[in-house]
Amino acid sequence: MFKDAKLDEKTFTNIIKLLSERYGIQTPAHLDRSDPFKVLIGTILSHRTRDEMTDLAFSRLFSKYKNAEEIAKASLSDIMRLIKPVGFYRQKAKRVKEVAKLILERYGGQVPRNRETLIELPGVGYKTADIVLSIAYGEPIVAVDTHVETVSKRLGIVRWNAKYEETRKGIESITPPYMRRIVNGILVRFGKEICKKPRPKCELCPITIYCEWYARRRNRNSQKI
Ligand code: SF4
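Residue numbers (my numbering): 360 to 584.
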């Protein structure tokens with residue numbers, strides 16, 4: 360077990376199974392797992408944007424342009440128009456076109472299946488790379504976004520000031536490989552609905568018995584007079 364992890368693999372597996380019964384394991388439309396390029400672009404579009412808006416922009420973009428080659432040749436103004444539903448659409452349009460061009464010129468239109476190569480692309484960090492690798496390529500990786508980070512820290516899997524890599528490794532250390540690629544989607548939905556920031560809805564939570572945050576809060580409250 361990872362040195363900071365307090366839950367063990369069996370317990371965390373049970374948590375993910377329990378939450379998967381509640382949320383299912385489907386991914387949003389903008390993460391079309393049949394095409395790594397679409398997963399990459401969908402993830403770039405999704406930054407700081409609600410899923411419904413990302414799905415809308417994604418379907419507008421890909422109903423006109425089918426692949427990296429077509430997007431690389433498209434005019435910037437048309438990409439902006441199509442993805443306007445997402446936040447920061449001007450910057451994202453530039454990024455989408457730039458990434459499409461690089462995928463085409465450097466990698467012959469194929470998205471690299473390698474973390475270090477992926478993060479060389481503009482605007483692509485570990486989270487985006489890990490989403491592409493786990494969702495599009497089925498790699499046994501837990502992609503850590505803000506919801507996954509919050510839930511894992513509240514559960515006590517990693518320490519509060521853990522950065523991306525420490526958090527990912529901590530979660531992976533207690534997740535069997537076959538289950539890693541679904542953890543992100545499930546914890547994102549759980550984080551949006553119940554384990555919210557800044558105030559979690561613990562009164563609705565089905566996993567309070569496993570939660571360090573909840574136990575601490577209960578102890579604090581029981582000491583009050
Ligand atoms: S008990 Fe509260 S803090 Fe803990 S996982 Fe559930 S919602 Fe999140």
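Virtual Cβ for every residue (Gly too), placed ideally from N, Cα, C. Note that this is a predicted model, so its numbers are computed, not measured.
Exposed unless 16 or more other CB atoms sit within 10 angstroms - verdict on residue i
i      : result
Lys362 : Annotation note: pLDDT 43 at Lys362 (below 50); position unreliable, no value reported.
Asp367 : exposed
Ala495 : buried
Ala416 : buried
Thr505 : exposed
Gly467 : exposed
Ala502 : buried
Phe447 : exposed
Ile530 : buried
Ser511 : buried
Arg407 : exposed
Ile500 : buried
Ile403 : buried
For residue j and residue i, believed in contact at Cβ under 8 Å, the rounded distance
i      : j      : result
Thr413 : His389 : 5 Å
Leu463 : Glu508 : Not confirmed; about 33 Å, so no contact.
Leu420 : Val458 : 13 Å between Cβ atoms; not a contact.
Ile384 : Gly544 : 6 Å
Gly482 : Arg454 : 4 Å
Asp535 : Thr372 : Per the sequence shown, residue 535 should be read as Pro rather than Asp. At roughly 6 Å, the Cβ-Cβ gap stays under 8 Å, so Pro535 and Thr372 are in contact.
Chain B within 8 Å of residue i, Cβ atoms only
i      : result
Phe549 : This model lacks chain B altogether; it includes just one protein chain.
Member of the options whose CA lies at the smallest distance from the CA of residue i
i      : options                        : result
Ile541 : Gly497, Gly446, Arg419         : Gly497
Leu461 : Ala431, Val547, Ala488         : Ala431
Ile516 : Ser422, Ala502, Ile533, Tyr523 : Ile533
Arg548 : Tyr573, Asn373, Asp394, Pro387 : Pro387
Ser405 : Val470, Cys564, Thr487, Ser493 : Thr487
Ser418 : Leu492, Lys560, Pro444, Ser434 : Pro444
Lys397 : Lys376, Gln469, Thr408, Asn373 : Gln469
First and last residue of the uninterrupted alpha helix (DSSP H) at residue i
i      : result
Thr586 : For residue 586 there is no data in the structure shown, the boundaries of the chain being 360 and 584.
Tyr569 : From DSSP, Tyr569 is part of no alpha helix (DSSP H); its letter is neither H nor E.
Ser418 : 410-423
Pro481 : It is not in any alpha helix (DSSP H) - Pro481 carries neither H nor E in the DSSP assignment.
Lys556 : Element bounds for Lys556: n/a, residue is neither H nor E.
Lys453 : 448-466
Arg474 : 474-477
Thr534 : Counting along the chain, Thr534 falls outside any alpha helix (DSSP H), and DSSP gives it neither H nor E.
Val510 : 505-514
Asn373 : 368-382
Lys432 : 427-432
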